[in-house]
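Below: the structure, in structure tokens.
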Amino acid sequence: MQFQADLLGCPVDVASDAETTALGAAALAGLAVGTWRDADALRRHLRRGARYEPAMSRAAARARRDEWRRAVQRALSRAPAT
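When the letters of the sequence shown are read in order and numbered with this note's numbering, they come out as residues -13 to 68.
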């Protein structure tokens, strides 16, 4: 998650609950049926886990993204045609 925060250049919050997908589905269902009147009312029930702040310089992050793009391009150029 630290790497994502570094590359994105913004904080990344991690949910405290490992079953975040199920929790999100339940939260949306609760909003749909009126269990919570709005997203702000629901937010009070959610717990944030760790928070990762960007630590990498923007120049370094840009260089890492460029490396990743080149790696993806190489992998795609070697992929068998479908």
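In this text, a Cβ means the ideal position worked out from N, Cα and C, and glycines have one as well.
For clarity, every value in this text was computed on a predicted model and none was experimentally measured.
Q. Of the residues SER43, ALA47, ARG34, which one's Cα is nearest the Cα of ASP(-1)?
A. Nearest option by C-alpha distance: ARG34.
Q) If we count the other Cβ atoms within 10 Å of its Cβ and call it buried at 16 or more, is ALA(-9) buried or exposed? A) ALA(-9) is buried by the Cβ-count criterion.
Q | Terminal residues of the alpha helix (DSSP H) in which GLY104 lies | A | Outside the modelled stretch of the chain, which goes from -13 to 68, sits residue 104, for which no answer is possible.
**Q.** 6 Å Cβ shell around GLN(-12) - same chain, five flanking residues per side excluded
**A.** Exclusion of the five residues before and after GLN(-12) leaves TYR38 as the residues of its chain whose Cβ lies within less than 6 Å of its Cβ.
Q) If you draw a straight line from the C-alpha of ALA25 to the C-alpha of ALA36, how long is it? A) Approximately 21 Å between the Cα atoms of the pair.
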